[in-house]
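**Student:** Numbering (this note's numbering), first residue to last: 57 to 197.
(1) Terminal residues of the continuous alpha helix (DSSP H) containing residue 183?
(2) Under the assumption that residue 89 contacts residue 103 (Cβ atoms under 8 Å), give the Cβ distance between them as a whole number of angstroms.
(3) From what residue to what residue does the alpha helix (DSSP H) around residue 124 run?
(4) Counting beta carbon pairs with one atom in the region 118-127 and one in the region 149-156, are three or more of them shorter than 8 Å?
(5) For residue 62, does the count of other Cβ atoms within 10 angstroms reach 16, so buried, or fall short, so exposed?
(6) Under three-state DSSP, which class holds residue 165?
The structure is reproduced here in structure tokens:
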């Protein structure tokens with residue numbers, strides 16, 4: 057699959073990786089990072105790569121959901137997408153991710169909501185990037 061980008065984001069990590077700092081090329085994103093306590097780090101009021109990935113995926117998936125709904129002439133109100141990103145060790149010794157996407161789609165039947173969720177999962181760039189590499193679970197709230 058070949059993609060011609062219409063926008064490219066760029067960010068650089070400095071310092072000590074997960075206990076360092078990330079900054080976007082335009083300076084809009086400029087954050088200190090900390091390894092979560094659950095992974096042996098200091099935790100605290102700092103973000104981490106999994107939170108950043110979850111936030112990006114949630115926003116992107118929500119946009120895909122709205123686009124698919126519009127194409128299907130469905131009106132969405134008070135929708136929310138929550139993405140949980142887990143990290144753990146693979147049997148091979150490396151690390152892998154899991155993703156759980158939960159959608160709140162009030163006003164739709166369960167059948168409509170499920171179909172919309174599946175369709176958005178086919179359109180979302182994050183879903184396309186992770187497909188076949190990361191276990192992604194889709195659920196309705």
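The beta-carbon is built from N, C-alpha and C at its ideal position, and this holds for glycine as well.
**Tutor:** If we stick to the structure as given:
(1) Position 127 of the chain shown holds residue 183. If you look at residue 183, you'll find it in the alpha helix (DSSP H) that goes 181-186.
(2) Mapped onto the chain shown, residue 89 falls at position 33. Mapped onto the chain shown, residue 103 falls at position 47. About 6 Å; that satisfies the 8 Å criterion.
(3) Translated into positions along the chain shown, residue 124 becomes position 68. For residue 124, the enclosing alpha helix (DSSP H) begins and ends at 105-127.
(4) The region 149-156 makes no contact with the region 118-127, as fewer than three CB pairs between them are under 8 Å.
(5) Here residue 62 refers to the residue found at position 6 when the chain shown is read from its first residue. Counting Cβ neighbours within 10 Å, residue 62 comes out exposed, since fewer than 16 surround it.
(6) To locate residue 165, count along the chain shown from 1; it is residue 109. Here residue 165 sits in coil by DSSP.
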